[in-house]
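Residue numbers (full-length UniProt numbering): 1 to 378. Note that CB positions come from ideal geometry on N, CA and C, so glycine has one too.
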């Protein structure tokens, strides 16, 4: 198995998907869905590309994270892995919750009229009173980090066992995904969670009561580890299935769109829509892996820079987006000028903070999840 060779395509996918997250959060300012700040004009048409992106955007990140965990465990004991996960995920989370997220809630409180005054006054008085949304303390967009940390800790013993032993389970997975449509067996657990758990546990991102979101994503995280453990078998499988997966992805999302437009909710509709959703998201994940493996599995200086920058960008970006949005929300400039300012402003300011401050001050590196440059991991 060639699992020790670095997968540059996974690095590229990680960078691309996190970049799409910035576009997605900019879009949240304009769509009808609830968000921290809303533009004075809402654009209903934008929910269609946003809905398409939303279904596979985070799932593929959890799969990639599971794949990265396979590589990380190749050179680490369980104790070292658990500790490194805390340093890599827990420390940036705590820093983000104390320094990066509070400005977002501050702007939100200014808009809803529950606070007036300077940010310094907010930060030194009520910034950490109570848990959001009733209170102000939150991890907001950083919710991905505690989930990934808990997933890593929970599954570490199992992953280490699977990593060190030639198990019948991995052998069975290899045989399964080599069968026609075998890779789509992975949809079945997702379907049961989507259809049977989601109606009773709406997504909260609160970790402790977010049973649907927690279960769905830990399955995807587990899938990533298991699939990468099959070595070249997985990559050959996605190469073989990519055209079929692309067709199924188009059918899956089109079917959901038809349901959203023309049908009322009911038992039959619910279970049908759930099936279309999981087939859709799994298909696009397979398509992205296949085409990335075909075209992006090569190193570059740009990738090396972007792959290191993506974590600090993720931590910083939403606070910058919300801050800019606060000063744009009541202007009558139209969608395009505001969206361009938000996108360029978010990328540009994130880059300036990363390149001119974080990157040049080594003591800040662990606070934003940066490893020493000579160490490489996915």
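1) Apart from the five residues on each side of it in sequence, which residues of its chain come closer than 6 Å, Cβ to Cβ, to residue 365?
2) Report the option in 77, 244, 25 whose CA atom is closest to the CA atom of residue 36.
3) Residues in the same chain with beta-carbon distance under 8 Å from residue 383, minus the five sequence neighbours each way, listed in chain order, please.
4) Give the single residue among 221, 241, 248, 29 whose Cα lies nearest to the Cα of residue 158.
5) How about the segment 123 to 131 and the segment 97 to 109: do they share at least three Cβ pairs that are nearer than 8 Å?
6) Which residues in the same chain as residue 346 place their Cβ atom closer than 6 Å to its Cβ, once the five residues preceding and following it in sequence are excluded?
7) Does the segment 74 to 88 come into contact with the segment 56 to 66, if we say contact requires no fewer than three beta-carbon pairs (one atom in each stretch) closer than 8 Å?
8) Rounded to whole angstroms, what's the CA-CA distance from residue 308 to residue 263? Just pull it up for me.
9) Using CA coordinates, which residue listed in 271, 78, 293 is at the minimum distance from residue 237?
10) What do you get for residue 1, buried or exposed, if any count of 16 or more other CB atoms within 10 angstroms of its CB means buried?
11) Kindly indicate which residue of 139, 295, 133 has the alpha-carbon position closest to the one of residue 96.
12) Just list the alpha helix (DSSP H) runs in the segment 143 to 205, keeping only unbroken ones of 4 residues or longer that don't cross its boundaries, in chain order.
13) Could you give the DSSP three-state label for residue 361: helix, strand or coil?
14) Tell me whether residue 258 sits in a helix, a strand or coil according to DSSP, three-state version.
15) In this structure, how does DSSP classify residue 24 when only helix, strand and coil are distinguished?
16) Could you check the C-alpha separation between residue 46 and residue 168 for me, to the nearest Å?
17) Return the chain-ordered ranges of every alpha helix (DSSP H) run that is complete within the segment 292 to 352 and spans a minimum of 4 residues.
18) Please state if the CB of residue 182 and the CB of residue 453 are separated by a distance shorter than 8 Å.
19) To which residues of the same chain is residue 119 closer than 6 Å at the C-beta, ignoring the five residues directly before and after it?
20) Evaluate residue 208 with the Cβ neighbour count: other Cβ atoms within 10 Å of its Cβ, from every protein chain shown; 16 or more gives buried, anything less gives exposed.
21) What did DSSP end up calling residue 1 once you bin it into helix, strand or coil?
22) Where does residue 43 sit, in a helix, a strand or coil, going by DSSP?
23) When the Cα of residue 195 is compared with those of 16, 213, 228, 180, which residue comes out closest?
24) Quick check on the burial criterion: 16 or more other C-beta atoms within 10 angstroms. Buried or exposed for residue 200?
25) By the three-class DSSP mapping on this structure, what secondary structure does residue 378 have?
26) Cα-Cα, which of 49, 19, 9 is closest to residue 253?
27) Considering residue 139, what are the terminal residues of the alpha helix (DSSP H) in which it resides?
28) On the DSSP letters alone, give me the boundaries of the alpha helix (DSSP H) that residue 6 sits inside.
29) Per DSSP, what kind of secondary structure is residue 131 in: helix, strand or coil?
30) Determine the extent of the alpha helix (DSSP H) in which residue 109 is found, giving its start and end residues.
31) Between residue 57 and the rest of its own chain, which residues show a CB-CB distance below 8 Å, the 5 nearest in sequence each way excluded?
32) Cα separation between residue 390 and residue 348?
33) Does DSSP put residue 272 in a helix, in a strand, or in coil?
34) Measure the Cβ-Cβ separation of residue 335 and residue 30 and say whether it is below 8 Å.
35) Please go through the same chain and pick out, in chain order, the residues whose beta-carbon is closer than 7 Å to the beta-carbon of residue 197, but skip the five residues on each side of it.
36) Assign residue 250 to one of three DSSP states: helix, strand, or coil.
On the basis of the coordinates in this document:
1) none
2) 25
3) This structure cannot speak to residue 383, because the chain is shown only from 1 to 378.
4) Minimum Cα distance to residue 158 is reached at 221.
5) Counting C-beta pairs closer than 8 Å gives three or more between the segment 123 to 131 and the segment 97 to 109, which meets the contact rule.
6) 22, 317, 320, 321
7) no
8) 45 Å
9) 293
10) Note on residue 1: pLDDT 39, under 50, position unreliable in the model; no value is reported.
11) 139
12) Along the segment 143 to 205, the alpha helix (DSSP H) occurs as fully enclosed runs of 4 or more residues at 144 to 164, 168 to 178, 187 to 196, listed in sequence order.
13) coil
14) helix
15) helix
16) Going from the Cα of residue 46 to the Cα of residue 168 covers about 47 Å.
17) 301 to 328
18) An answer regarding residue 453 cannot be provided, because it is not within the stretch 1 to 378 covered by the chain.
19) 106
20) exposed
21) Low confidence applies here, because residue 1 scores a pLDDT of 39, under 50, leaving its location unreliable and the question unanswered by this model.
22) Reduced to three states, the DSSP call for residue 43 is coil.
23) 213
24) exposed
25) Interpretation of residue 378 is limited by its pLDDT of 41, a score under 50 that renders its predicted location unreliable; no figure is taken from the coordinates.
26) 49
27) That residue, residue 139, is in no alpha helix (DSSP H); it is neither H nor E in DSSP.
28) Unbroken run through residue 6: none, as it is neither H nor E.
29) strand
30) 102 to 112
31) 17, 20, 21, 24
32) Beyond the ends of the chain as shown, which are 1 and 378, falls residue 390; an answer cannot be given.
33) DSSP places residue 272 in helix when its eight states are reduced to three.
34) yes
35) 211, 212, 215
36) helix
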